[in-house]
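S.K.: When we follow our numbering, the leftmost residue of the sequence shown carries the number 3, and every step to the right adds one.
The beta-carbon is built from N, C-alpha and C at its ideal position, and this holds for glycine as well.
Before we start, here is the structure in question, set down as structure tokens.
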Amino acid sequence: MSNTKAQVFYTSNPEVGQLGACATMKNTLMGQVVEDADLERFNAVPDDAAIILVAKHLAAKLSIPQLGAIIAHEQGHIDCGHLIKGAEMVNAAGLIDNLSFELEADAAAVSVFGKDTVRIALTLTVEAVVDYLISSDVVPQDDRDDVLEFCNTSMEQRYAALAD
Ligand SMILES: [Zn+2]
């Protein structure tokens, strides 16, 4: 599985929308995440292969290098074996939440795109996810700044590693 570039799919799936982007095993996906236009390509991916999902709302807000940084981060999770190592940490959505994995995946993205691009891409991702949560009525509009603050606080160690 490692050192294979994962197929990237863009999706409006709400679970992916709440994350911005994720790497996952095709055969752990729950429900319909890939849209009709991509189904044929998706079906051609082996069931035991890793894939990368990017929320359409996020992709729309990123420049090409920033999008590349996000995809490189997710590819980093795959190359570092996180999908296998983290199998016991998978949450209800079939996804992994672990700071050391995030730092390692960020470093992989930095090796390709540099710290500045990765840091900005992460900042825009947090903003996009917060906007998405608010627009989907999960969070009241008035709480936007609090949620953004909370998300950025949870990112502090990652931003610190990306500082000059
Ligand atoms: Zn990650």
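1. Is Ala130 near ligand 1 - that is, is its Cβ less than 7 Å away from at least one heavy atom of it?
2. Looking at the strands, I want to know which residues DSSP matches up with Ala57.
3. I believe Ala52 touches Leu85 by the beta-carbon criterion, under 8 Å. Please report the beta-carbon distance rounded to the nearest angstrom.
4. CB-CB under 7 Å to Glu106, same chain, minus the five flanking residues each way: which ones, in chain order?
5. Measuring only from the beta carbon, is Glu2 closer than 7 Å to any heavy atom that is part of ligand 1?
6. Would you decide whether Asn45 is buried or exposed? Buried here means 16 or more other CB atoms lie within 10 Å of its CB.
7. Since Ala74 is in the beta strand (DSSP E), which residue starts that stretch and which ends it?
8. If you drop the 5 nearest sequence neighbours on each side, which residues of the same chain put their C-beta closer than 8 Å to that of Phe152?
9. Which residue's Cα is closest to the Cα of Glu76: Ala162, Ser156, Gln9?
10. Tell me, which residues are paired with Cys24 by DSSP?
11. My assumption, with CB atoms under 8 Å, is that Leu164 sits in contact with Val120. Please give the rounded CB distance.
12. Examine the Cβ distances between the region 60–72 and the region 122–132 and report whether three or more of them are shorter than 8 Å.
13. Suppose you measure from the CA of Gln143 to the CA of Thr30; what does that come to, to the nearest Å?
14. Mind checking Ala162: buried by the 16 CB within 10 Å criterion, or exposed?
15. Considering only residues of the same chain and omitting the five flanking positions on each side of Glu104, which have a CB-CB separation below 7 Å?
M.R.: Straight from the coordinates:
1. As a position in the sequence shown, residue 130 is number 128, starting the count at 1. The answer is no for Ala130.
2. For the purposes of this step, residue 57 is taken as the residue at position 55 of the sequence shown. Its beta-bridge partners are Thr13.
3. Translated into the one-based positions of the sequence shown, residue 52 becomes position 50. Translated into the one-based positions of the sequence shown, residue 85 becomes position 83. Between Leu85 and Ala52 the Cβ distance is about 6 Å, and since that is below 8 Å, they are a contact.
4. As a working mapping, residue 106 is identified with position 104 in the sequence shown. For Glu106, where only same-chain residues beyond five positions count, the Cβ hits under 7 Å are Gly78, Cys82.
5. No answer is possible for residue 2: the residues shown for the chain start at 3 and end at 166.
6. In the sequence shown, residue 45 corresponds to position 43, counting from 1. Classification of Asn45: exposed, given that the 10 Å Cβ count is below 16.
7. Looking up residue 74 in the sequence shown gives position 72. Where Ala74 is concerned, there is no enclosing beta strand (DSSP E), although the alpha helix (DSSP H) it sits in stretches over 66–81.
8. Locating residue 152 in the sequence shown gives position 150, where the first residue counts as 1. Here the set comprises nothing.
9. Position 74 of the sequence shown, counted from the start, is the residue given in the question as residue 76. Checking every option, the nearest Cα to that of Glu76 belongs to Gln9.
10. Taking the first residue of the sequence shown as 1, we reach residue 24 at position 22. DSSP, once it has assigned bridges, lists Leu55 as partnering Cys24.
11. The sequence position of residue 164 within the sequence shown is 162, counting from 1. The sequence position of residue 120 within the sequence shown is 118, counting from 1. That pair is a contact at about 6 Å.
12. yes
13. Start at 1 with the first residue of the sequence shown, and residue 143 comes out as number 141. Start at 1 with the first residue of the sequence shown, and residue 30 comes out as number 28. Distance between the alpha carbons of Gln143 and Thr30 is about 33 Å.
14. Sequence index remark: in the sequence shown, residue 162 carries index 160 (1-based). Exposed, by the Cβ-count rule.
15. Counted from its first residue, the sequence shown places residue 104 at position 102. Same-chain partners within the cutoff: Arg160.
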